[in-house]
Amino acid sequence: MAINLTKGGNASIGSLQKFVVGMGWDTNETDSGQGFDLDASAFMLGSTGKVISDKHFVFYNNLMSPEGCVEHTGDNLTGAGDGDDESIKVDLSKLPAGCEKITLVVTIHEAESRKQNFGQVRNAFVRIYDPSTNEEIVKYDLGEDFSTETAVEFGELYRKDGGWKFKAIGSGFAGGLQKFVDKYS
Ligand SMILES: [Ca+2]
Ligand SMILES: [Ca+2]
């Protein structure tokens, strides 16, 4: 049974070395009349809270971190359908030195020009599962408490007492992906 987290909660991912972070969403295209493209990204942070290098910012234009620890499986342009819309694979056996935390965010592509925000997004979730068994370890449904935000930190993986944990964050911001690039680099 997966652990269902609420905002601010955390759970251990146990001894898993290889797992997948699946993120999903549905959108109301009719609200703006334009295509709605949400993007998942991962920032691999050191103890200072900054990315350990530019190449450790994994997103649709940089699909794998140099050591292969974090891999984005590809850009989904619509979010249509149930299940994971974008996925990020993690292999902790390839964790680079100095990486203490992996922050997972979802942002709206060209939100400003398309006049879109997370108030028009529903069914947003992040989940972690074991790809060898498809067993879900932890899931966090973000709920509907967003309005004008264009960037949301879904959660973070962090090192704790020799293992790794996942924390549900669900914090929204203005500024799209650039907001997080500025914050973490
Ligand atoms: Ca996308
Ligand atoms: Ca979807």
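Heads up: the sequence shown at position 137 corresponds to 137 in my numbering, and the numbers run straight through without jumps. For glycine and all other residues, C-beta sits at the position ideal for the given N, C-alpha and C.
Check	Outcome
With a cut-off of 7 Å, give the chain-ordered residues whose Cβ is closer than this to any heavy atom of ligand 1.	37, 38, 39, 60, 75, 76, 77, 86, 109
Could you compute how far the alpha carbon of residue 148 sits from the alpha carbon of residue 184?	22 Å
I'd like to know if residue 149 contacts chain D, where contact means its C-beta is closer than 7 Å to some C-beta of that chain.	Any reference to chain D falls outside this structure, which holds one protein chain only.
So, using beta-carbon positions, are residue 20 and residue 89 closer together than 7 Å?	yes
Less than 7 Å separating the beta-carbons of residue 38 and residue 130?	no
Taking buried to mean at least 16 other C-beta atoms within 10 Å of its own C-beta, is residue 160 buried or exposed?	exposed
Rank 109, 164, 175, 80 by C-alpha distance to the C-alpha of residue 59 and give the top, closest one.	109
Please state the DSSP three-state secondary structure of residue 174.	coil
According to DSSP, is residue 93 helix, strand or coil?	helix
Provide the residue(s) that pair with residue 19 in DSSP beta bridges, ordered along the chain.	90
In the DSSP assignment, the beta strand (DSSP E) including residue 151 goes from what residue to what residue?	151–160
Compare the Cα-Cα distances from residue 155 to each of 164, 104, 114, 123 and report the closest residue.	104
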